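724 is the number of the first residue of the sequence shown in my numbering; add one for each residue after it.
The C-beta atom is built at its ideal place from N, Cα and C for all residues, glycine as well.
Just so we're clear, the structure is a prediction, and the values are computed from it rather than from any experiment.
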Amino acid sequence: MVGGPLYVYQMKANIINFSLFQIGWFAAILGAAHGYVYPGIFTALMILIIHIKLTKTDQSEFKLYAFTAFIGFIFDGLMQFFNLIIYFNPGWPFPLTPLWIVVMWLLFAMTLNHSLSWLKRRYVLSFVFGALGGPLAYVAGEKLGAVEITSDLSLIILAISWAFITPLLMKYSKRT
Numbered sequence: 724m725v726g727g728p729l730y731v732y733q734m735k736a737n738i739i740n741f742s743l744f745q746i747g748w749f750a751a752i753l754g755a756a757h758g759y760v761y762p763g764i765f766t767a768l769m770i771l772i773i774h775i776k777l778t779k780t781d782q783s784e785f786k787l788y789a790f791t792a793f794i795g796f797i798f799d800g801l802m803q804f805f806n807l808i809i810y811f812n813p814g815w816p817f818p819l820t821p822l823w824i825v826v827m828w829l830l831f832a833m834t835l836n837h838s839l840s841w842l843k844r845r846y847v848l849s850f851v852f853g854a855l856g857g858p859l860a861y862v863a864g865e866k867l868g869a870v871e872i873t874s875d876l877s878l879i880i881l882a883i884s885w886a887f888i889t890p891l892l893m894k895y896s897k898r899t
């Protein structure tokens, strides 16, 4: 029943999830942009812990976090290695993927079974969402001073990659 108590509860929970994600995203980005990478990481991790406590996260969700962080570590590491994106204030030495980026992937993972759950089993929509939303997040990060997108090719690679990463993560989130 649309509008029933369970629906209202789920909508509130999704709004909280999305809001926590946004706060963590800004904390990580602005921390990297302004030389406060560790306070940004700490804030983002505290937000992740709040989410875990609020949702009574189970073992399968922790597997989703690990899988998503691994994908992000590899993907953004390759973007960095091939000089497609320059990440400022990485938190640890090059060529490792910046720590704050890996934490942002963890934040993204916390949305997959919650505020982004509407994308489950909608693979074409998640493909489009990834193709548009992924690059837009990096452009926003560039505008805020945390990254530099080195070329138009970088944006194309981001769009194509996120077009496949998003449905992959949605499919994996359904399994866990």
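Just measuring C-alpha positions, the residue of Val847, Thr791, Asp875 sitting nearest Leu892 is Thr791.
Using a Cβ-Cβ distance cut-off of 8 Å, the region 811-825 and the region 772-791 are not in contact, since fewer than three pairs of beta carbons, one from each stretch, lie closer than that value. In the DSSP assignment, Tyr810 falls within the unbroken beta strand (DSSP E) covering 808-810. In the assembly as shown, Leu839 is a buried residue. Its beta-carbon has 16 or more other beta-carbons within 10 Å. By the criterion of a C-beta distance shorter than 6 Å, Gly868 is surrounded in its chain by Ala756, once the five residues flanking it on both sides are discounted. Inclusion of Ala750 and Gly763 in the CB contact set at 8 Å is warranted, their separation being smaller than that value. Contact check for Ile797 against Thr873 fails: the beta carbons are separated by 8 Å or more. Cβ atoms of Trp885 and Gly856 come within 8 Å of each other, at about 7 Å. In this structure, Gly800 sits away from Leu830, with a CB-CB distance that is not shorter than 8 Å. In this structure, Gly853 sits away from Ile752, with a CB-CB distance that is not shorter than 8 Å. Straight across, the Cα-Cα distance linking Leu881 with Ala860 is about 10 Å.
Proximity to Lys894 across Ser877, Ala767, Ser849, Ile772 peaks at Ser849, based on C-alpha coordinates.
Sequence-distant Cβ neighbours of Ser896 in its own chain, meaning closer than 6 Å and more than five residues away, are Leu787, Leu835, Asn836. According to DSSP, residue pairing for Ile872 in a beta bridge involves Ile808.
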